[in-house]
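Working notes, beginning with the structure itself.
Protein chains: 2
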Amino acid sequence: VMRLENITMTYGEGNSRVDALKNINLEIPNKSFLTISGPSGSGKSTMLNILGLLTKPTAGSIYLGDKKLVLDDFDKMSDYRLFNIGFIFQSFNLVPVLNAKENVMLPLMIRQDIDEKEKADRVEMLLLEVGLKDHILKKPDELSGGQKQRVAIARALVGKPTIVLADEPTANLDSENSENIIDIMQKMNRDHKVAFIFSTHDPRVVKHALQKVELKDGEILK
Amino acid sequence: VMRLENITMTYGEGNSRVDALKNINLEIPNKSFLTISGPSGSGKSTMLNILGLLTKPTAGSIYLGDKKLVLDDFDKMSDYRLFNIGFIFQSFNLVPVLNAKENVMLPLMIRQDIDEKEKADRVEMLLLEVGLKDHILKKPDELSGGQKQRVAIARALVGKPTIVLADEPTANLDSENSENIIDIMQKMNRDHKVAFIFSTHDPRVVKHALQKVELKDGEILK
Ligand SMILES: Nc1ncnc2c1ncn2[C@@H]1O[C@H](COP(=O)(O)OP(=O)(O)OP(=O)(O)O)[C@@H](O)[C@H]1O
Ligand SMILES: Nc1ncnc2c1ncn2[C@@H]1O[C@H](COP(=O)(O)OP(=O)(O)OP(=O)(O)O)[C@@H](O)[C@H]1O
Ligand SMILES: [Mg+2]
Ligand SMILES: [Mg+2]
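Those protein sequences? They're chains A and B, same order as listed.
So the first sequence is residues 514 to 735, counted in my numbering.
So the second sequence is residues 514 to 735, counted in my numbering.
Structure follows, in structure tokens:
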């Protein structure tokens, strides 16, 4: 269970000050399948980045189970992230000099708890599942938008995380690929208790949500 | 009127060869409001890049009116592009060191046929229309995904082009912003005879199409 308590995020100051999130309180149960929707600029990505321990909030606390996280201790953050959190970025963030296979392998490189054969199998399996079997040697600039998105999805799942934070994961996908991705995620949610938190405008995703959050101007709508 | 005749686009060779477009024939009337849909990887962006004279096809001809374009003459291409074509890229392609206002101004910088005041007015007007009035001084990394997308849209329209090629222009937008963008484009289409060609998965856009093209594996489905 993850809990956000009085989370505030402010960017800039003076005239350029933006209150991206205002006093957010949210509980995220294990096995969540939760969507965060809301207008462009309402704070969805910011909330995901905070849940993913990528951005330190301006104020407020984050709890994992009963344990309050010491947010200043970013080394601890990065260990926790590596083993527990899979993140699909809104802009994919693939490494341009690595091909699809290498991009998906990346989170496993520093994992010593998984043997090499297991790593290779997982990478191959996921790229097959997202329909990129014929594209594994291609670099990002040789891939279509939706193919890049699917590499980003495979990369987020390869570490078998306990929480996946997915920022608009179907924005560049046609219906068939979207349904397939949502399928994969629902199976992981049901069978492996992986929590999924989506930022999404996509009704095809919201349709499957067990829990729906609406954001507007940095606040959760009741 | 723009016409693609026997257009073929092949990337790579040998094992890595991809036939992205195969023998495409397509006529695009003035005042088009045309959508190109199809699975991820089916060739939509490639087709837009060729229509936008950004990518030289492997084979085939492009006609503007009756005039067959000499595709090797890329200087001629870039002049024509500057004055006639507005392009919204799937990955936005904003200049990171410029703020929103400067990014939208960019296509007008080398236009000597428009006076400075007119340029400034157009930029301000468009950023207002796409709902970014309060964000004009922000750089891309300070903008949300959908805000970046709206800057890219404003930039494509600021030169008053005769053809706008829009690659997934609503992928990162919520319904309200999408409807607004589609509105702006329909007005330009009706009142100013601007042709719009969309690559899109978004039913909200396809709904308004006057002409619909389906791509599959680089070919147009009849
Ligand atoms: N520079 C390149 N080198 C090699 N292959 C490429 C290159 N660019 C595109 N491709 C391939 O060409 C095919 C068509 O790509 P394109 O980007 O046109 O698809 P798309 O329909 O826009 O897909 P999406 O909906 O995912 O954006 C894809 O299989 C892609 O991998
Ligand atoms: N680094 C930053 N500096 C300044 N302002 C920022 C920064 N990052 C985000 N913002 C602002 O904070 C607000 C929330 O941004 P966020 O990316 O969370 O929105 P979003 O809901 O994900 O939007 P979208 O649906 O367009 O992706 C926006 O108004 C944005 O301009
Ligand atoms: Mg976002
Ligand atoms: Mg594309």
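Quick reminder that beta carbons are idealized off the backbone N, C-alpha and C, glycines included.
So residue i and residue j are supposed to be a Cβ contact under 8 Å. How far apart are they, rounded?
{"i": "A/G573", "j": "A/L517", "result": "7 Å"}
{"i": "A/L728", "j": "A/I549", "result": "6 Å"}
{"i": "B/Q625", "j": "B/S558", "result": "Wrong, their Cβ atoms sit about 32 Å apart, outside the cutoff."}
{"i": "A/L619", "j": "A/R668", "result": "7 Å"}
{"i": "A/A665", "j": "A/I710", "result": "In fact, because the Cβ distance is near 16 Å, the residues do not count as touching under 8 Å."}
{"i": "A/I541", "j": "A/M560", "result": "Between A/M560 and A/I541 the Cβ distance is about 11 Å, and since that is not below 8 Å, they are no contact."}
{"i": "A/N693", "j": "B/P552", "result": "That pair is no contact at about 11 Å."}
{"i": "A/Q736", "j": "A/L640", "result": "Any property of residue 736 of chain A remains undetermined from this structure, which presents chain A solely from 514 to 735."}
{"i": "A/G672", "j": "A/L621", "result": "6 Å"}
{"i": "B/F546", "j": "B/H721", "result": "7 Å"}
When the Cα of residue i is compared with those of the options, which residue comes out closest?
{"i": "A/V608", "options": "A/I694, A/P620, A/P653", "result": "A/P653"}
{"i": "B/I733", "options": "B/P682, B/M622, B/D680, B/G556", "result": "B/G556"}
{"i": "B/R717", "options": "B/E727, B/I695, B/L723, B/K580", "result": "B/I695"}
{"i": "A/A533", "options": "B/L534, B/E655, B/G599", "result": "B/E655"}
{"i": "A/K581", "options": "A/R594, A/I549, A/L619, A/M515", "result": "A/M515"}
{"i": "A/A708", "options": "A/K735, A/V677, A/L728", "result": "A/V677"}
{"i": "B/L670", "options": "B/I598, B/Q603, B/G525, B/Y593", "result": "B/I598"}
{"i": "B/K569", "options": "B/L723, B/T683, B/A613, B/V583", "result": "B/V583"}
{"i": "B/Q660", "options": "B/L566, B/P674, B/L645, B/I601", "result": "B/L645"}
{"i": "A/E642", "options": "A/T683, A/G658, A/M698, A/P552", "result": "A/M698"}
{"i": "A/G554", "options": "B/A679, B/D647, B/P674", "result": "B/D647"}
{"i": "A/F587", "options": "A/K632, A/K544, A/G565", "result": "A/G565"}
{"i": "A/N612", "options": "A/L621, A/S712, A/I649, A/L577", "result": "A/I649"}
{"i": "A/F605", "options": "A/K706, A/S688, A/A679, A/N519", "result": "A/A679"}
{"i": "A/P674", "options": "A/S657, A/S712, A/H705, A/G658", "result": "A/H705"}
{"i": "B/N519", "options": "B/T571, B/K735, B/S712", "result": "B/T571"}
Using only the alpha-carbon positions, how far apart do residue i and residue j sit?
{"i": "B/S591", "j": "B/R530", "result": "28 Å"}
{"i": "B/E681", "j": "A/E615", "result": "27 Å"}
{"i": "B/N562", "j": "B/I575", "result": "12 Å"}
{"i": "A/K535", "j": "A/T521", "result": "5 Å"}
{"i": "A/N702", "j": "A/K725", "result": "16 Å"}
{"i": "B/E629", "j": "A/K544", "result": "57 Å"}
{"i": "B/Y524", "j": "B/G731", "result": "12 Å"}
{"i": "A/R635", "j": "A/I623", "result": "15 Å"}
{"i": "A/V719", "j": "A/T683", "result": "11 Å"}
{"i": "A/N528", "j": "B/K651", "result": "12 Å"}
{"i": "A/G658", "j": "B/S712", "result": "11 Å"}
{"i": "B/D585", "j": "B/E526", "result": "22 Å"}
{"i": "B/V617", "j": "A/S688", "result": "32 Å"}
{"i": "A/K700", "j": "A/E631", "result": "20 Å"}
{"i": "A/E637", "j": "A/V610", "result": "19 Å"}
{"i": "B/A633", "j": "B/I627", "result": "10 Å"}
{"i": "B/Y593", "j": "B/L567", "result": "11 Å"}
{"i": "B/K735", "j": "A/K735", "result": "48 Å"}
Is any non-hydrogen atom of ligand 5 found closer than 7 Å to the C-beta of residue i, if you look at the structure I gave you?
{"i": "A/L723", "result": "Ligand 5 is not part of this structure, which contains only ligand 1, ligand 2, ligand 3 and ligand 4."}
Note the first and the last residue of the continuous beta strand (DSSP E) segment covering residue i.
{"i": "B/D680", "result": "676-680"}
{"i": "B/K725", "result": "724-729"}
{"i": "A/I537", "result": "531-541"}
{"i": "B/L547", "result": "546-550"}
{"i": "B/I649", "result": "Looking at the DSSP string, B/I649 is not in any beta strand (DSSP E), and its letter there is neither H nor E."}
{"i": "B/S712", "result": "708-712"}
Could you spell out the range, first to last residue, of the alpha helix (DSSP H) harbouring residue i?
{"i": "B/R516", "result": "B/R516 -> not in any alpha helix (DSSP H); beta strand (DSSP E) instead, spanning 515-524."}
{"i": "B/V752", "result": "No statement about residue 752 of chain B is possible, as the shown extent of chain B runs from 514 to 735 and does not include it."}
{"i": "A/L641", "result": "629-642"}
{"i": "A/A613", "result": "613-622"}
{"i": "A/P716", "result": "716-719"}
{"i": "B/S688", "result": "688-705"}
Starting from the N-terminal side, write out each stretch of the alpha helix (DSSP H) that is 4 residues or longer and does not extend beyond the segment 562-599 of chain B.
Correct list: 587-597.
Name the residues in the segment 709-722 of chain A whose C-beta lies less than 8 Å from a C-beta of chain D; which are they?
This model lacks chain D altogether; the protein chains it does include are A and B.
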